[in-house]
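Engineer: Residue numbers (this note's numbering), protein chains in the order written: chain A, 1 to 151; chain B, 1001 to 1151; chain C, 2001 to 2151; chain D, 3001 to 3151; chain E, 4001 to 4151; chain F, 5001 to 5151; chain G, 6001 to 6151; chain H, 7001 to 7151. The following block contains the structure, expressed as structure tokens.
8 protein chains.
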Amino acid sequence: MTLSIYLSGEIHTNWRDEIESGCAAAGLDVTFSAPVTDHDASDDCGVAILGAESDKFWHDHKGAKLNAIRTRKAIQDADIVVVRFGEKYKQWNAAFDAGMAAALGKSLIVLHSAEHQHALKEVDAAALAVAETPQQVVQLLTYVQRGTLPA
Amino acid sequence: MTLSIYLSGEIHTNWRDEIESGCAAAGLDVTFSAPVTDHDASDDCGVAILGAESDKFWHDHKGAKLNAIRTRKAIQDADIVVVRFGEKYKQWNAAFDAGMAAALGKSLIVLHSAEHQHALKEVDAAALAVAETPQQVVQLLTYVQRGTLPA
Amino acid sequence: MTLSIYLSGEIHTNWRDEIESGCAAAGLDVTFSAPVTDHDASDDCGVAILGAESDKFWHDHKGAKLNAIRTRKAIQDADIVVVRFGEKYKQWNAAFDAGMAAALGKSLIVLHSAEHQHALKEVDAAALAVAETPQQVVQLLTYVQRGTLPA
Amino acid sequence: MTLSIYLSGEIHTNWRDEIESGCAAAGLDVTFSAPVTDHDASDDCGVAILGAESDKFWHDHKGAKLNAIRTRKAIQDADIVVVRFGEKYKQWNAAFDAGMAAALGKSLIVLHSAEHQHALKEVDAAALAVAETPQQVVQLLTYVQRGTLPA
Amino acid sequence: MTLSIYLSGEIHTNWRDEIESGCAAAGLDVTFSAPVTDHDASDDCGVAILGAESDKFWHDHKGAKLNAIRTRKAIQDADIVVVRFGEKYKQWNAAFDAGMAAALGKSLIVLHSAEHQHALKEVDAAALAVAETPQQVVQLLTYVQRGTLPA
Amino acid sequence: MTLSIYLSGEIHTNWRDEIESGCAAAGLDVTFSAPVTDHDASDDCGVAILGAESDKFWHDHKGAKLNAIRTRKAIQDADIVVVRFGEKYKQWNAAFDAGMAAALGKSLIVLHSAEHQHALKEVDAAALAVAETPQQVVQLLTYVQRGTLPA
Amino acid sequence: MTLSIYLSGEIHTNWRDEIESGCAAAGLDVTFSAPVTDHDASDDCGVAILGAESDKFWHDHKGAKLNAIRTRKAIQDADIVVVRFGEKYKQWNAAFDAGMAAALGKSLIVLHSAEHQHALKEVDAAALAVAETPQQVVQLLTYVQRGTLPA
Amino acid sequence: MTLSIYLSGEIHTNWRDEIESGCAAAGLDVTFSAPVTDHDASDDCGVAILGAESDKFWHDHKGAKLNAIRTRKAIQDADIVVVRFGEKYKQWNAAFDAGMAAALGKSLIVLHSAEHQHALKEVDAAALAVAETPQQVVQLLTYVQRGTLPA
């Protein structure tokens, strides 16, 4: 039972690497996908490929739609969607991905610090697990695949 | 063609009243639904009905799930989901509702000030209209139902 | 927003009446459906209408399928499925209904005493509310429809 | 035509091993999945990974949700869901899985002794086969894949 | 709980009238739909409206597609599909309707004499009831709606 | 059996009026929806309500999305989608609507002159009827609802 | 683009072999599935594995359900469903499979002699091709996969 | 993350080759499908395999349905549908494919020259990218898969 996992949300810390390397170290049979995590490329992809826009709204719009080609595919293919809320920014795209994942019947895991607990209560209520650290996510995935608990 | 509209998001300004009274004044054939907008009731409904929790996480969790009974029904029944992002708070539940609406194929209208344009670009990219004022939403709905433009 | 509610499970106590009369007293805009609660009719309907069976398995089989015509329709039409687990019997049909409701994306409310908490943990985990009394269900439905809490 | 089979239900006897080894002996092209069958790990996984709970309800709740990540994936991926009802315990989770499988259009095989026939009539009525022994399930799967009957 | 019922199949006996008048006499809250039962109109509708065809295949093809506009709508709107197999003709369209009904998750009731039992075993296996007389169908619908058995 | 019909395509002739008045004269139980047929309003609705655009692409884009709120709703609610291809313009939006209708399982009726037969062969191949005149569509709808043919 | 093809219907002639060997000779990238074509095994599988029945109806019922595990899987996995109507028997199961295939959006190819044209008009109307010989089906599949026509 | 791409539309220029060779040169992990691009074979396939028709409408009809077996499969299997509108012909089949792709939730990329901008505004409004050259499509796909922008 290979698990396909989409890692959505925060792009400014190395939480994805921690989960991916932790799963690799554990020898799990998992595959990962993620949004483009190069912030500048993600912001400018639309105009870089399809032509400049004088209006910032359309500059962003073209880029957001290109990114959606990747993220929609990744969410649809995933068994599990892990959404990480970090300490900075509005991160509405992370909550938007969580809403899509819930509506599509994906297993949702939310990853955030205790500080955001109240603000994320609706997102957490749709999740099958709420974790605080990437290490917990590795342990979760290990349990889901193998049925073994951390020593 | 009655239009069924869910008004999601910000609960601290009277934007819902403006849209509802504007549509009533225009004589549109529309029905509205909304989340519970009494902030205290919304926060405490779970424990008030199902029993107290010592842990804030579960206090919130019980409430968020009760609210989900209402909001899921409202989104599923809607033709159009209008999501309002205000000036304050994280509003992750609003973005979550937008994600659900998009995944369910609902027509999405996003309502926010120019200030939030960049942070909301992924949400806006999934929308069929991005408005700044409730009056624009009234005009949109008038056009969608009758094909007439504002004078 | 009329709420359509299916009341599944135990047929030997008057919990359905309590919920229906409580909602009527509160003036809620709700409709209820239920399985056939006449135990003998429910057991014998198949052979009474379609002819006797010498084998008890097929006697039961014919009846269970007739009842399924009613219960499948009721679950599919429901916004909310309330499943009551009582003190007696195996009640596997109640858990089966809960599984169908969850898979169909219905809002699930489970009603049972504390005694069954551990045995029902998988069912409860799929629910949006776990109540112990019919009165709590009336309060829940009142909140979901009107946003008001019990005094 | 590889058949993907989820083996749901009782975890205290070796019925899964009998089916899996029987199919292996027959050389069938089948894959199996199952819930975590280590009872203690299954009960405690939530708190072991995500932190202790003082309230037994939430202890169970966290665990049941983790287990749901595995079981939902397994049911969704399955062509055939075999649900075994044993002699002990309430086994409401088994009936819940059967309800999900039926609602998702999976082929359902129920495995139980004659003693439970009446209590399981609604579950049996949704099934494509009702067997009493693991050996019968092996014979069923052999027939489904190859069209050959037991000698 | 209004029941919506599509009466498919044989058009040369008055079985539909018997079911409809029986339900009316019982005062049931049901609605009925049916294919066009005027054999000549049904055969010739395509060419009568859209122009003659020299080739019998296309003559039939145009008519069958017009009829499909009506029958697809009726099946999709139905809660229950009753399919009657009579004594004459191939009646492949009846079996085709039954297949569509089963795939769409409709409750299927099959109505035929004992003579056709073996030939209809695959259709019967997908049904929730197999009846021999229109009167049994009336009794079934009475039970499904009211829970009462024939005296 | 009320029929809900979406009239898509050409907006420069009075074909919709002919169908609607023909059905009214026949006393059919049908409801009609249509795109906004005021060409100028349809082109300019986006900028008229949501603000001007200097770039023609975005001017059109905002308008096309507003119109999609209406047309998606109309197609989703329809039992039958009639798509009219006229003599002028590219009419790609008409073919696009036909593709959506086909993918959503709607009954598709195509209305065009013989001249366009070869160019429309893929669209016609997905249709249940291909008509040349509005009068034929009225006759079709009369037959579908009542089973009667033109005298 | 591997094509997955289910060969439904008549089991008393070698039409499946002709299609399979023809496709093999042409080197097509296709996979085939079929019902169990051993008539006796197909009739008796239920009682042979799950125990004898004194009533012929239930004897057939148990067998038909076992066979449905195989055929439902095969239809769901197929891109294309070819349904062959032969010269003998009622063949209602073939028409039932065709109805399921149509409702599930599978590409339907019907294979029958001219003699059955009128009786099969509703089934043919749902098909994307109506062929008279297995050789035509091989040519069809060759064209669908490669775009080449018979010399 | 292998991307599966359907290249719909114009068959008289080598735009498909440019995209395919560009992606190959970039080493992308993509698979392509396309309609039959041999114009004569595509027009005549129906009669060449299934027998001649005297009426041009049915000649075209049989061919269009055969082609639909291929195109429906290709669209359903695709993650991304690229639709190219060229300079000539009505190309209603291209717009029809775009409508199907949109209704099925596929990521839609439209490829056309500026000249067609106004006429394609409804199709463009449903797209996640609107490109003018095959090279841009290669760059888009490179970005979607790898997150890298053109130098």
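Beta carbons: idealized from backbone N, C-alpha and C, even for Gly. Remember, predicted model here, so these are calculated numbers, not experimental data.
1. Report yes or no: do the segment 2121-2134 of chain C and the segment 3084-3103 of chain D share at least 3 C-beta pairs separated by less than 8 Å?
2. Just mark lysine 3088 of chain D as buried or exposed, buried being the case when its beta carbon has 16 or more other beta carbons within 10 Å.
3. I'd like to know if valine 2030 of chain C contacts chain B, where contact means its C-beta is closer than 9 Å to some C-beta of that chain.
4. Look at tyrosine 6 of chain A and valine 81 of chain A and say whether their C-beta atoms are less than 9 Å apart.
5. Does threonine 6142 of chain G pass the burial test, meaning 16 or more other C-beta atoms within 10 Å, or should it be called exposed?
6. Which chain C residues sit within Cβ distance under 7 Å of aspartate 4079 of chain E?
7. Could one say the Cβ of alanine 131 of chain A lies closer than 9 Å to chain D's Cβ atoms, at least one of them?
8. Would you grab the beta carbon distance between proline 2035 of chain C and serine 2004 of chain C for me? Rounded to a whole angstrom, and I think it's under 8 Å.
9. How about leucine 5050 of chain F and glutamine 1136 of chain B: do their beta carbons lie closer than 9 Å?
10. So which residues on chain C does methionine 4100 of chain E lean against when the C-beta distance must stay under 8 Å?
11. From the DSSP output, read off the bridge partner residues of arginine 4084 of chain E.
12. Counting only Cβ pairs nearer than 9 Å, list the residues of chain D close to alanine 2068 of chain C.
13. Take leucine 5128 of chain F and list the residues in its own chain whose beta-carbon comes closer than 7 Å to its own, dropping the five residues that flank it on each side.
14. Check for me: the beta strand (DSSP E) holding alanine 3131 of chain D runs from which residue to which?
15. What residues of chain E sit near glutamate 2082 of chain C, judged by a beta carbon separation below 7 Å?
16. Relative to the C-alpha of tryptophan 4015 of chain E, which residue among E:Ser4113, E:Ala4102, E:Glu4053, E:Pro4150 is closest?
17. Counting only C-beta atoms, is alanine 3052 of chain D closer than 9 Å to chain A at any point?
18. So, under 8 Å CB-CB, phenylalanine 5152 of chain F and glutamine 7117 of chain H are touching, yes? Tell me the CB distance rounded to an integer number of Å.
19. Check the C-beta distance from glycine 7099 of chain H over to glycine 5099 of chain F and give it rounded, since I have them as a contact under 8 Å.
20. Counting only Cβ-Cβ distances shorter than 9 Å, please list the residues of the segment 5087-5112 of chain F near chain H, keeping chain order.
21. Distance, Cα to Cα, alanine 4064 of chain E vs serine 4042 of chain E?
22. Does DSSP classify valine 1030 of chain B as helix, strand or coil?
23. Sort out for me which residues DSSP pairs leucine 6050 of chain G with in a bridge.
24. How big is the Cα-Cα spacing for glycine 7027 of chain H and aspartate 1017 of chain B?
25. Alpha carbon to alpha carbon, what distance is there between arginine 7072 of chain H and alanine 6151 of chain G?
26. Which bits of chain C does alanine 1048 of chain B rub up against, with CB to CB less than 7 Å?
27. Roughly how many angstroms separate the alpha carbons of proline 6134 of chain G and phenylalanine 4085 of chain E, rounded to a whole number?
28. Nearest by alpha-carbon distance to alanine 7074 of chain H: which of H:Ala7024, H:Glu7115, H:Thr7031 is it?
29. In chain order, what residues of the same chain have a beta carbon less than 7 Å from the beta carbon of threonine 3013 of chain D, not counting five sequence neighbours either side?
30. Give me the chain H residues within the contact set of tyrosine 6006 of chain G, using Cβ-Cβ distance strictly less than 9 Å, ordered along the chain.
31. What residues in its chain sit with their C-beta under 8 Å from that of aspartate 29 of chain A, if we drop five residues either side in the sequence?
32. So which residues on chain D does tryptophan 1058 of chain B lean against when the C-beta distance must stay under 7 Å?
33. State the start and end residues of the unbroken alpha helix (DSSP H) segment that holds glycine 1105 of chain B.
34. Below 8 Å on the Cβ atoms is my contact criterion, and I expect isoleucine 1019 of chain B with valine 1138 of chain B to pass it. Report the Cβ-Cβ distance as a whole number of Å.
35. Of the residues C:Asp2038, C:Glu2115, C:Ser2033, C:Thr2037, which one's Cα is nearest the Cα of glutamine 2076 of chain C?
36. Are leucine 6149 of chain G and alanine 7048 of chain H close, meaning C-beta to C-beta below 9 Å?
Structural biologist: The structure says:
1. yes
2. exposed
3. no
4. yes
5. buried
6. Lys2073
7. yes
8. With a Cβ gap of about 15 Å, proline 2035 of chain C and serine 2004 of chain C do not count as contacting.
9. yes
10. The premise fails here: methionine 4100 of chain E is roughly 17 Å from chain C at the closest Cβ pair, so nothing lies under 8 Å.
11. E:Gly4009, E:Leu4111
12. Glu3122, Ala3125, Ala3126
13. Ser5107, Leu5108, Ile5109
14. 3129-3131
15. The question names glutamate, but residue 2082 of chain C is valine in the sequence shown. The contacting residues do not exist; valine 2082 of chain C stays about 16 Å from chain E at best.
16. E:Ser4113
17. no
18. The question about residue 5152 of chain F has no answer here: the residues shown for chain F are numbered 5001 through 5151.
19. 2 Å
20. Tyr5089, Lys5090, Gln5091, Trp5092, Asn5093, Ala5094, Ala5095, Phe5096, Asp5097, Ala5098, Gly5099, Met5100, Ala5101, Ala5102, Ala5103, Leu5104
21. 8 Å
22. strand
23. Looking at the DSSP assignment, leucine 6050 of chain G forms no beta bridge with any residue, so it has no partner.
24. 55 Å
25. 26 Å
26. Leu2149, Pro2150
27. 30 Å
28. H:Thr7031
29. Gly3086
30. Here the premise fails: no neighbours, minimum Cβ distance about 14 Å.
31. Met1, Thr2, Leu3, Gln145
32. Trp3058
33. Unbroken run through glycine 1105 of chain B: none, as it is neither H nor E.
34. 6 Å
35. C:Ser2033
36. yes
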